[in-house]
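So the sequences go chain by chain: A and B.
Once you know that position 509 of the first sequence is 509 in our numbering, the rest is easy, because the numbers rise by one and skip nothing.
The number in our numbering is simply the position in the second sequence, starting from 1, with 1000 added.
2 protein chains.
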Amino acid sequence: MQVTYQRDQLRLSMGGEDLLVHTPKSPAFFIGYGREKMEMYCGNFEIQDYLESREALRHLTVTDREAGMQLELRRHKDDDLQLSINVRLLEDGIQLDIQNVANDINRFWMRLAADEQEHVWGCGEQMSYFNLRGRHFPLWTSEPGVGRDKTTYVTWQSDVVNRAGGDYYNTNYPQPTFVSSRRYFCHIETYDYADFDFRQGTFHEMQVWGVPATILLRSAPTFLTLVEKISATFGRQPPLPDWVYNGVILGLKRGQAHAEKMLAEALNHDMAVSALWCEDWTGVRETSFGTRLFWDWRWQPERYPHLERLIAELRERNVRFLGYVNPYLCVDGSLFPEAEAAGYLATNEQGNTALVDFGEFYCGVVDFTDEAACTWFKDVIIKREMLDLGLSGWMADFGEYLPIDVKLSNGVSAKQEHNRWPVRWAQINAEAIAEAGLTDETTFFMRAGYSGVQAHCPLLWAGDQSVDFSRHDGLGTVICAALSSGLMGNAFHHSDIGGYTSLFGNKRNAELHMRWAEMAAFTPVMRTHESNRPTKNTQWFDDPAVAAHLARMSRIYVSLTPYLKQLVSEGSARGIPVQRALFLHFETDLECYDIQDQYLLGPDVLVAPVHQAGHLDWSAYLPHGVEWVHLWSGEHYAGGQRVTVPAPVGKPPVFYRSDSDWLALFTALAGQA
Amino acid sequence: MQVTYQRDQLRLSMGGEDLLVHTPKSPAFFIGYGREKMEMYCGNFEIQDYLESREALRHLTVTDREAGMQLELRRHKDDDLQLSINVRLLEDGIQLDIQNVANDINRFWMRLAADEQEHVWGCGEQMSYFNLRGRHFPLWTSEPGVGRDKTTYVTWQSDVVNRAGGDYYNTNYPQPTFVSSRRYFCHIETYDYADFDFRQGTFHEMQVWGVPATILLRSAPTFLTLVEKISATFGRQPPLPDWVYNGVILGLKRGQAHAEKMLAEALNHDMAVSALWCEDWTGVRETSFGTRLFWDWRWQPERYPHLERLIAELRERNVRFLGYVNPYLCVDGSLFPEAEAAGYLATNEQGNTALVDFGEFYCGVVDFTDEAACTWFKDVIIKREMLDLGLSGWMADFGEYLPIDVKLSNGVSAKQEHNRWPVRWAQINAEAIAEAGLTDETTFFMRAGYSGVQAHCPLLWAGDQSVDFSRHDGLGTVICAALSSGLMGNAFHHSDIGGYTSLFGNKRNAELHMRWAEMAAFTPVMRTHESNRPTKNTQWFDDPAVAAHLARMSRIYVSLTPYLKQLVSEGSARGIPVQRALFLHFETDLECYDIQDQYLLGPDVLVAPVHQAGHLDWSAYLPHGVEWVHLWSGEHYAGGQRVTVPAPVGKPPVFYRSDSDWLALFTALAGQA
């Protein structure tokens, strides 16, 4: 990258092409003032902006500084100073630190030069679109929506009944960071609501509802090194615990007897089982919406009478036990009064404990801006109630739900803490585990995220997909989620096998379960979920064919262990994701830039999951420059073409490089299956 | 109104309260630049704006001028002149003429001071909300949408299948004019896309995508005189022809034999019939969507073999014959080649005739900016083919459909002509009738409108409601339509009895037909419509009870003639609408400001139509200060209260003032029914 300037112009270029250009006629920075209206209902937000002003900062004065320069920006010559920006030249880019801001600015826009062919990816974990070009992406952690497509019945009903249908950009994990096909990344350091707009032909425009502290633009010679830099910026994950590779994590939530019985049944099917994940370890409550978990984060013996013994017995059999936790405490639980008495809960306008309605039960919000509250949550809940009990991991749910009207002890508005909350939540979980010295053998998985969650959350899960093949909320979306979050330095990703959300008559069938399971076998972690309506949806234990399929896939997953371990180790050390966008290894094959329904499992394996119903064969794009071998048939194909292969259930379209060091493993795996 | 100013401030007040205030800290005018994206599909528009800048014009210089002053507006002291506005002081307000505009301004905002309690109404013909406060209203003539409520199945399916579901603000007839409860009106003279925003507590903000020529603010001591002024500004309608009062206009579209048979059947029911309205007089075509009209505006004998004779015979029996016309010519008709050869049709980018897809058939767009084309349309189509044949009126359909990508002979972009098109279309119809000397006895009805349509369109019809009782597209919406358009000086309004749009399983039933008919009996014009799917929807001639009800209502309507004629005469002379918002006569009763499902039929009659299904009684608000008599029971009620009266089908809730000069008429009418 190269920076040049003259009196009133600044030009940052990369390989001779403009990246950040500011001239009086074509300014790069805009300021303004707006009044937003934000309404939250169960983690979904309706957000409107009334924009009072948007003014270009046309007048620039540049002063040389050590290792950079100082920009003074005004709307016009005689204007008061509006923004002062310290530019630091880095070896591979620039860092803009915004230092002085005039009053009454709460909107900020910055433009970067774009070209028509350019692709951009990232913005956190995106479910609908991997290439972000042509759309804008509001960045605000929230529920991702049910259906996410206004043309579907499920979305329409979710909107009508719960205002929860969502749209293409809704995500649990937004991040104001994008990667360009020009081999740079742009990160804006802020927790404010942001909206990145990639609809214009000649520029990208990043909007922030506040003035960000820092803007980082860094380039790299290759996409892989770019991802390494991103990951170095936001933090890396520890390797997954070794027990993960022992097989599938079985999601069960019908009490101890059922869990033990299902494990026996799984083993009868020769299923490789690494853990039982029993969300209901803290008990349940009945509501008119169905059975819900009891949000008091300690073992409740009613449902698991001998849990300590069970955990110990399971561990002897090399099976771990996982639980569930979230940042809320139900008012009728035992922990709520303790937290309330200690002043660890967020308050409302009146100074009383803020109570959040989660549907026929109310909860307090643990105030993670209060150091003492964090310590209590770590010591009492995670270390004492969870780790001491013998849990080897859990779903660390929510994180995206901080109501924007509560009062927090650090004095920062909840609106400004909202996007940060997933990071705080991840940090509490990770620190508690580290303080217990159990990082090597414990994991937890989160759906919520934001810049910096990478340093704390060891494993993402893709959230609550609908139990279907739908374009914007079904099986296919978790591939896009893995690819986009992977570019942000989240090396490990997985999803609920079979999806989660079953509403408005939408029910999981055997085909979906099997297609999802056979994809999951080629991801870092396999885990089933009974869904939100366990008895209304196909479970592996209700259908011998589905059980046999899951068992076979679990064995295939286990067979991949040596290869997976190497990828996980690389992910942990360098931040390169296990599931990779095709272009990470095929930079010059432009076809790869738009593919969001296939991924590379490490450098050698290409996975093209069947994400639609009713297919017996499937078309996959094989990147250029390599010879590919179809896993099941052993058929060889030249790269640089789209091929159609048989893809009956049980034989997901998987290919490996014919020059791989792992040929023996792949051929053995195909033979075994 | 009073205007004061000092060096850099301007203050227009009304009765001591601010109306238009400009100070450097709180400017009233903003300019900006935006790039809109507009997409049309069959009269529905998707409109987005990318806003590049929005800047306050804080710096004002005021210079005295004769009968007013000159405003020079800049963003800051050293700025180039941005806007120059000539302020003319009127007796009752001010007129702002914007004279000089800097380059690169295509967005304009103006604020008026508002108070929290204030109500605003108008903005053309609004279907969903009479009081506009709390919402914003894009003003762009278009299809109004099918369903207009994202929570209904019909809207959802219309959106999914045709992108045609619409929303609360979509209307065939927008107008950048509003009436405030502070007894002033504001009109912005422009054809550009506009958006009036009434969501803010302390100001109203009017946005225009262009810089308007003129802004008019005028006050009046009463609402009635305010409406008179509005009507004087935009033009008044001739009285309705006398034959209208002879009874209901029967909408029939199954050819001559059917029309004659249905007339006989109607007369058997003692129905008072003023006219047959046969849309299909020009023939039909079959499409996969069903039977459509043949858009070649001349009698086609196939369907009406002896139309001339029929019209003559009907006229002898005191029954008129009405037709249908719209501004398009189908390519397979006889008029298209004639118009094309003469160069009367709009062209496309390539200079060829622009062809518009209307669903399996294509049409040319007659170019109404070409004087010769207008003359041809008037002389050949309206005078020769329609009036000479003996038509006494017609539906002048469309007007809101000018595609924004055609080329017009006056060189103005179609985008800028779009909102004007309904006015041009109305003018052609009115002028042709006037040139034929038939204004007294001919009428036509339009759904599309814009500022100025009042001078040409003698009768509005409320457009294409769904055949149901739904909140945003059913029976109740036509009351809101009559009230809002009435305030804009459209004195005469009516609607399709039973609604029009039957889609996605939504079908008209007998109850809806009867509730609609009994409301229509208390409007200026009664007219039935077979709907878009005649054989799938209840028709009066398919159900003797519905026929008998319609017949009785037609007789009631006829009995109202003397009263109606006086109202029509007043409407024509003063612009006061026949159907009036309650507050027009009850200014001090604030309850009346929010009522949009009742109306006054002239000063003496209050109509509270039953606009929901399944009611046997109905609650109505009776304005304060008057004693009201329930039409059917003769029961007396004090005003200023909400009362519930029996309202079985056939006895719509109607009340009259106990001090009316028309008591004899009302009691006779009740006795007769």
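Using N, Cα and C, we set each Cβ at its ideal position, and we do this for glycine too.
**Q.** Straight-line Cα distance separating B:Phe1504 from B:Arg1303
**A.** As a working note, residue 1303 of chain B is residue 303 in the second sequence. As a working note, residue 1504 of chain B is residue 504 in the second sequence. When rounded, the distance between both Cα atoms is 29 Å.
Q: Identify every residue that forms a DSSP beta bridge with B:Tyr1656.
A: Against the second sequence, residue 1656 of chain B aligns to sequence position 656. The partner list for B:Tyr1656 (beta bridge, DSSP) reads B:Val1605 and B:Val1629.
Q) By the criterion of Cβ-Cβ separation under 9 Å, what are the contact partners of B:Ala1113 in chain A? A) Walking along the second sequence from the start, residue 1113 of chain B turns up at place 113. The contacting residues do not exist; B:Ala1113 stays about 16 Å from chain A at best.
Q. Would you call the segment 1167-1174 of chain B and the segment 1064-1082 of chain B in contact, with 3 or more CB pairs under 8 Å?
A. no
**Q.** Spatially closest choice to A:Asn100 from A:Lys415, A:Val211 and A:Tyr5, by CA coordinates
**A.** Counting from one through the first sequence, the residue named residue 100 of chain A turns up at place 100. Nearest C-alpha to A:Asn100: A:Val211.
Q) By a C-beta neighbour count over all protein chains shown, 10 Å radius and 16 as the cutoff for buried, is B:Asp1388 buried or exposed? A) Reading the second sequence from its first residue, position 388 is the one you call residue 1388 of chain B. B:Asp1388 is exposed by the Cβ-count criterion.
Q. How many whole angstroms separate the CB atoms of B:Ser1484 and A:Ala56, which I take to be in contact at a CB cut-off of 8 Å?
A. Working through the second sequence from its first residue, we reach residue 1484 of chain B at position 484. Working through the first sequence from its first residue, we reach residue 56 of chain A at position 56. B:Ser1484 to A:Ala56, Cβ: 39 Å. No contact.
(Q) Just verifying my parser: in three-state terms, what is the DSSP assignment at B:Cys1363? (A) If you number the second sequence from 1, residue 1363 of chain B lands on position 363. Three-state DSSP puts B:Cys1363 in a strand.
Q.
Please classify A:Lys37 as buried or exposed, where buried requires at least 16 other C-beta atoms within 10 Å of its C-beta.
A. Here residue 37 of chain A refers to the residue found at position 37 of the first sequence. Result: exposed.
(Q) Just list the residues that DSSP pairs B:Ser1231 with in beta bridges. (A) The residue labelled residue 1231 of chain B in the question sits at position 231 within the second sequence. DSSP output for B:Ser1231 lists no bridge partner at all.
Q: Answer yes if the segment 442-459 of chain A comes into contact with the segment 421-431 of chain A, meaning at least three C-beta pairs across the two stretches below 8 Å, and no otherwise.
A: yes
**Q.** Exposed unless 16 or more other CB atoms sit within 10 angstroms - verdict on B:Leu1355
**A.** The count along the second sequence starts at 1 and reaches residue 1355 of chain B at position 355. Looking at its Cβ environment, which holds 16 or more other Cβ atoms inside 10 Å, B:Leu1355 is buried.
Q: Would you check if there are 3 or more beta carbon pairs closer than 8 Å linking the segment 1322-1333 of chain B to the segment 1287-1296 of chain B?
A: yes
Q) In three-state DSSP terms, what is A:Phe137? A) Your numbering for residue 137 of chain A matches position 137 in the first sequence. DSSP places A:Phe137 in strand when its eight states are reduced to three.
Q: Give the straight-line distance between the Cα atoms of B:Met1446 and B:Glu1591, rounded to the nearest whole angstrom.
A: Here residue 1446 of chain B corresponds to residue number 446 of the second sequence, with the count starting at 1. Here residue 1591 of chain B corresponds to residue number 591 of the second sequence, with the count starting at 1. Each residue's Cα considered, the two are about 32 Å apart.
Q: Grab me the residues of A:Tyr102's own chain with a C-beta within less than 7 Å of its C-beta, minus the 5 sequence neighbours each way, in chain order.
A: Numbered from 1 along the first sequence, position 102 holds the residue referred to as residue 102 of chain A. According to the sequence provided, residue 102 of chain A is Ala. The question's Tyr does not apply to it. Excluding sequence neighbours, A:Ala102 sits near Asp80, Leu81 and Gln82.
(Q) Can you give me the C-alpha to C-alpha distance between B:His1472 and A:Tyr168, rounded to a whole angstrom? (A) On the second sequence, residue 1472 of chain B is found 472 positions in, with the first residue counted as 1. On the first sequence, residue 168 of chain A is found 168 positions in, with the first residue counted as 1. Answer to the nearest angstrom: the Cα atoms are 27 Å apart.
Q.
Please report the distance separating the alpha-carbon of B:Ser1142 from that of B:Phe1358.
A. Numbered from its first residue, the second sequence carries residue 1142 of chain B at position 142. Numbered from its first residue, the second sequence carries residue 1358 of chain B at position 358. The straight-line gap from Cα to Cα measures roughly 15 Å.
Q. Alpha carbon to alpha carbon, how far is A:Asp594 from A:Phe130?
A. The sequence position of residue 594 of chain A within the first sequence is 594, counting from 1. The sequence position of residue 130 of chain A within the first sequence is 130, counting from 1. Between A:Asp594 and A:Phe130, the C-alpha separation is close to 8 Å.
Q | Where B:Asp1405 falls: helix, strand or coil (DSSP) | A | By 1-based counting over the second sequence, the position of residue 1405 of chain B is 405. Three-state DSSP puts B:Asp1405 in coil, outside helix and strand.
Q.
If contact is defined by three or more beta carbon pairs under 8 Å, each pair taking one atom from either stretch, is the segment 1525-1532 of chain B in contact with the segment 1151-1166 of chain B?
A. no
Q | CA-to-CA distance, A:Gly34 to B:Gly1411, given in whole angstroms | A | Indexing the second sequence from 1 puts residue 1411 of chain B at position 411. Indexing the first sequence from 1 puts residue 34 of chain A at position 34. Rounded to whole angstroms, B:Gly1411 to A:Gly34 spans 38 Å at the Cα level.
Q) Would A:Asp280 be called buried (16 or more neighbouring beta carbons within 10 Å of its own) or exposed? A) As a working note, residue 280 of chain A is residue 280 in the first sequence. It counts as buried.
(Q) Output needed in chain order: residues of the segment 59-82 of chain A with a Cβ under 9 Å from some Cβ in chain B. (A) Arg75, His76, Lys77, Asp78 and Asp79
Q. Who are A:Val3's beta bridge partners in DSSP?
A. Here residue 3 of chain A refers to the residue found at position 3 of the first sequence. A:Leu12.
Q | Residue from A:His269, A:Gly255, A:Met271 and A:Ala264 with nearest C-alpha to A:Arg285 | A | Position 285 of the first sequence, counting from 1, holds the residue named residue 285 of chain A. Ranking the options by Cα distance to A:Arg285, first place goes to A:Gly255.
Q.
Classify B:Ser1318: buried if its beta carbon has 16 or more other beta carbons within 10 angstroms, exposed otherwise.
A. Here residue 1318 of chain B refers to the residue found at position 318 when the second sequence is read from its first residue. Note on identity: in this sequence residue 1318 of chain B is Asn, with Ser being the wrong assignment. When all chains shown are included, B:Asn1318 counts as exposed.
Q | Neighbour-count burial assignment, A:Thr679, 16 or more Cβ in a 10 Å radius | A | Absent from the structure is residue 679 of chain A, since the part of chain A shown begins at 1 and ends at 673.
Q: Give, in chain order, every unbroken run of the beta strand (DSSP E) that is at least 3 residues long and sits entirely within the segment 288-351 of chain A.
A: 290-293, 320-325 and 328-330
Q. Whose Cβ in chain B lies nearer than 7 Å to the Cβ of A:Glu55?
A. In the first sequence, counting from the first residue as 1, residue 55 of chain A sits at position 55. Neighbours of A:Glu55 on chain B, chain order: Ser1053 and Glu1055.
Q) If B:Ser1466 and B:Val1146 are in contact, beta carbons under 8 Å, what's the gap, nearest whole angstrom? A) As a first step, residue 1466 of chain B must be located in the second sequence, where it is residue number 466. As a first step, residue 1146 of chain B must be located in the second sequence, where it is residue number 146. Right, their Cβ atoms sit about 7 Å apart.
Q: Tell me whether B:Thr1233 is buried or exposed, calling it buried when 16 or more other Cβ atoms sit within 10 Å of its Cβ.
A: Against the second sequence, residue 1233 of chain B aligns to sequence position 233. When all chains shown are included, B:Thr1233 counts as buried.
Q) Using the rule of at least 16 other Cβ atoms within 10 Å of the residue's Cβ for burial, across every protein chain shown, is B:Asn1268 buried or exposed? A) The residue you call residue 1268 of chain B lines up with position 268 of the second sequence. Result: exposed.
Q. Among B:Tyr1637, B:Gln1126 and B:Thr1222, which residue has its Cα nearest to the Cα of B:Leu1622?
A. On the second sequence, position 622 is the one that residue 1622 of chain B refers to. Closest by alpha carbon: B:Tyr1637.
Q | Residues bridged to B:Pro1239 (per DSSP) | A | The residue labelled residue 1239 of chain B in the question sits at position 239 within the second sequence. For B:Pro1239, which the question treats as bridged, DSSP gives no partner whatsoever.
Q: Taking only runs that begin and end inside the segment 1103-1157 of chain B, name each unbroken beta strand (DSSP E) of 3 or more residues, in chain order.
A: 1107-1113, 1120-1124 and 1136-1139
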